[in-house]
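In UniProt numbering, the protein residues as written are 1 to 331.
The structure appears below as structure tokens.
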């Protein structure tokens, strides 16, 4: 397989001719966008440009192409990126914790993690989970920024942040008891086997990190960690953070798995199918993760494209060239 690794592609340079072409496409794009009632909408359906597919290989091709579109906006405007990350970090924290039973609403989560407020009638543990999750997001960004390798220490640091102030005796440590996944028929390894299983986990990562598509690598590391369930609590949140660490390392945005009943069930069912497959078939879960990554790349592009200032006039060439044929099609 083609090596899709490592860091984001550099900003794509544009010639004077391309700059003129880009300015013309952008002008048309903005004029169409201004006609839309919803100011957050862009004048093209990205699903028409990148159609739904059940082929995982086609999906990875789409994601590689979408990453080139995203890279054409780099370096991102710092102020816009900060606003975007604050909103998405709140959503990620809310959704990931809600999957595990946290009762804070989206607005309450925002008040807790960004305003330091205490929500009357909500458990203290739910507050800790929200603050801890934001700290863990900031930690994985720091890991990426510092180009730190993902290894055992990184994983234990993430888990330590997730359980900070909640379960000090188990935070950042492999479990010392057997566990079961609620509602699952999957049998987790006995706790005595966890250290060896985790050695295999990191060995697999080192053997595959430079050959697999980054989105596949992220999905498989997520699924394998849930299967081992190396911690007494916080396995799901930690697995999703590992997935996002790998995505960030490879230039993809943080990706949020939805927590509403239907989507949460689909998420759990796809994990269960992996764990119970006699042939280790994880195709269902890989496609699910890829679909979510695609959705979140869309979200970034839909935010960046209509919100560029003068300093961004040369950005987005790859994206705007890609969508140009679709701009005048009725939606």
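Using N, Cα and C, we set each Cβ at its ideal position, and we do this for glycine too.
Taking all protein chains shown into account, do 16 or more other C-beta atoms lie within 10 angstroms of the C-beta of residue i, making it buried, or fewer, making it exposed?
i, result
"residue 145", "exposed"
"residue 151", "exposed"
"residue 113", "buried"
"residue 67", "buried"
"residue 216", "buried"
"residue 249", "buried"
"residue 241", "buried"
"residue 147", "exposed"
"residue 123", "exposed"
"residue 20", "exposed"
"residue 47", "exposed"
"residue 95", "buried"
"residue 36", "exposed"
"residue 15", "exposed"
"residue 281", "exposed"
"residue 322", "buried"
"residue 290", "buried"
"residue 106", "exposed"
"residue 99", "buried"
"residue 62", "buried"
"residue 24", "exposed"
"residue 50", "buried"
"residue 220", "buried"
"residue 315", "buried"
"residue 237", "buried"
Within 8 Å (strictly less), CB to CB, does residue i reach chain B?
i, result
"residue 23", "Protein chains in the displayed structure number just one, and chain B is not present."
Once DSSP output is grouped into helix, strand and coil, what is the label at residue i?
i, result
"residue 279", "coil"
"residue 206", "helix"
"residue 117", "coil"
"residue 157", "helix"
"residue 285", "helix"
"residue 71", "helix"
"residue 271", "helix"
"residue 266", "helix"
"residue 305", "coil"
"residue 53", "coil"
"residue 329", "coil"
"residue 312", "helix"
"residue 299", "helix"
"residue 125", "helix"
In the DSSP assignment, find the unbroken alpha helix (DSSP H) run with residue i in it and report its ends.
i, result
"residue 83", "78-99"
"residue 229", "It is not in any alpha helix (DSSP H) - residue 229 carries neither H nor E in the DSSP assignment."
"residue 105", "Premise fails: residue 105 is in no alpha helix (DSSP H) and is neither H nor E."
"residue 319", "317-323"
"residue 255", "Careful: residue 255 lies outside any alpha helix (DSSP H) and carries neither H nor E."
"residue 28", "16-34"
"residue 150", "Per DSSP, residue 150 belongs to no alpha helix (DSSP H) and is neither H nor E."
"residue 46", "46-49"
"residue 42", "Run containing residue 42: none; DSSP gives neither H nor E here."
"residue 237", "235-249"
Considering only the beta carbon of each residue, do residue i and residue j sit closer than 8 Å?
i, j, result
"residue 295", "residue 267", "no"
"residue 218", "residue 246", "yes"
"residue 127", "residue 186", "no"
"residue 130", "residue 97", "yes"
"residue 252", "residue 297", "yes"
"residue 120", "residue 184", "no"
"residue 166", "residue 136", "no"
"residue 162", "residue 234", "yes"
"residue 304", "residue 73", "yes"
"residue 320", "residue 26", "yes"
"residue 317", "residue 18", "yes"
"residue 56", "residue 286", "yes"
Looking at the ligand MN, does it come within less than 7 Å of residue i, judged from the CB to the closest heavy atom?
i, result
"residue 156", "In the structure on display, the ligand MN does not appear, and there are no ligands present to speak of."
Quiz item: Which runs of the alpha helix (DSSP H) spanning at least 4 residues fall entirely within the segment 160-213, listed in chain order?
Solution: 194-208
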